[in-house]
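Per the working numbering, residue 14 is the first one in the sequence shown, and the count goes up by one each step. Every residue gets a Cβ at the ideal spot worked out from N, C-alpha and C, and that includes glycine. Input: a single structure, listed below in structure tokens.
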Amino acid sequence: MSLSTTETTVYVLTKYSRAYPSSTSGAQDANAEWQHFTNPVIRLVLDMKKDSRSDLESYRVRILWSINSGQDSMDLDQHEVVFVSLLN
14 MSLSTTETTV YVLTKYSRAY PSSTSGAQDA NAEWQHFTNP VIRLVLDMKK DSRSDLESYR
74 VRILWSINSG QDSMDLDQHE VVFVSLLN
């Protein structure tokens, strides 16, 4: 019987940015307009399944966007949107 363990690691993006180029040339623009975001919270969740020798059997990557309607993070009105769920 083969035993395996699953380890989950969560990375929270506390601040992320997006650039809007000022020209349509497609080249990198030093004058691009940047927007910075701290909400909604985006989390990268990595599940790794390893065998008894610690060799990787499979992994799952999920990118989650947490939408919080209330002021309290424990609010019951919190929704989670899954952007990506990759399984190997």
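Taking 8 Å as the threshold, find out whether the segment 62–74 comes into contact with the segment 14–22 through three or more Cβ pairs.
yes
Apart from the five residues just before and just after residue 29, which ones in its own chain have a Cβ nearer than 7 Å to its Cβ?
50 and 55
Looking only at its own chain, which residues have a Cβ that is under 7 Å from the Cβ of residue 92, when we skip the five neighbours before and after it?
80
DSSP state of residue 28, grouped into three classes?
coil
Which first and last residues belong to the beta strand (DSSP E) in which residue 59 is found?
Following the DSSP letters along the chain, one finds residue 59 inside the beta strand (DSSP E) bounded by residues 54–64.
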